[in-house]
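Quick note: the sequence shown, position 124, residue 124 per full-length UniProt numbering, numbers continuous.
Every residue, glycine too, gets a C-beta built ideally from N, C-alpha and C.
Since the structure is predicted, the reported quantities are computational estimates derived from the model, not experimental observations.
Notes to accompany the following structure.
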Amino acid sequence: MIEIPSDLHKDLVPLAFLLGDWAGAGVHDFPGAEKCNFGQEVTFGHDGRDFLEYRSHTWVLDNDGNKVRPLETEYGFWRIDAARKVEVTLTRDDGVVEIWYGEMADQKPQIDLVTDAVARTAGARPYSGGKRLYGYVKSDLMWVGEKQTPEVELRPYMSAHLKKVVTPEDVERWAKALPDDLPDDGIAFFK
Numbered sequence: 001m002i003e004i005p006s007d008l009h010k011d012l013v014p015l016a017f018l019l020g021d022w023a024g025a026g027v028h029d030f031p032g033a034e035k036c037n038f039g040q041e042v043t044f045g046h047d048g049r050d051f052l053e054y055r056s057h058t059w060v061l062d063n064d065g066n067k068v069r070p071l072e073t074e075y076g077f078w079r080i081d082a083a084r085k086v087e088v089t090l091t092r093d094d095g096v097v098e099i100w101y102g103e104m105a106d107q108k109p110q111i112d113l114v115t116d117a118v119a120r121t122a123g124a125r126p127y128s129g130g131k132r133l134y135g136y137v138k139s140d141l142m143w144v145g146e147k148q149t150p151e152v153e154l155r156p157y158m159s160a161h162l163k164k165v166v167t168p169e170d171v172e173r174w175a176k177a178l179p180d181d182l183p184d185d186g187i188a189f190f191k
């Protein structure tokens, strides 16, 4: 279920499907780096202004699904204009700052992004750009990232399947929003 908060900036309504806390797992595989499964927590929030705040933390998982160590951390800001063009600024823990541009697909919650600018600190690993695809599929958030370096052509390197994190407050709010005229057995409601 996609909720549109009453205090969400009107320009951000097309991005409302991203809002909230998400958690899940994925796969990391890029030449010169450890191939691994990873866990991920993502938050898309807003404060009423014309951007979404984005935070992502990933960590390497062992074969039993336990956290081993941090993998990547990103912080950023997402905007969208009236033509459904999306711009994202990201700062990563490895010394990379990126500007991404893309657009939302027509009639579906899907965003294609490509890097427009990349800045790296002296200690950052080689990196020259990337692509990302985000999609809201059956109430889940899925994404795939591609990257390139001077030595490696653009190729997929990370993907994840994330579920919305539901809090007790969410359940209480949804329960209060149910109609008062539900059938007593509850089953008839679903017929």
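Item	Value
What number of angstroms, rounded off, separates the C-alpha of Lys-147 from the C-alpha of Ser-128?	8 Å
One question on the structure: do Asp-21 and Val-137 come within less than 8 Å of each other, judged by their Cβ atoms?	no
What is the residue span of the beta strand (DSSP E) that Gln-148 lies within?	140 to 148
Rounded to whole angstroms, how far is the Cβ of Glu-98 from the Cβ of Ala-83, which I believe are closer than 8 Å?	Wrong, their Cβ atoms sit about 22 Å apart, outside the cutoff.
Using CA atoms only, rank isn't needed, just tell me which of Leu-52, Phe-77, Pro-126 and Lys-131 is closest to Gly-95.	Pro-126
Taking the continuous beta strand (DSSP E) assigned at Gly-76, which residues delimit it?	67 to 80
How close, in whole Å, do the beta carbons of Ala-23 and Gln-40 come, if the pair is a contact with beta carbons under 8 Å?	7 Å
Mark Ser-6 as exposed unless 16 or more other C-beta atoms lie within 10 angstroms of its C-beta, in which case mark it buried.	exposed
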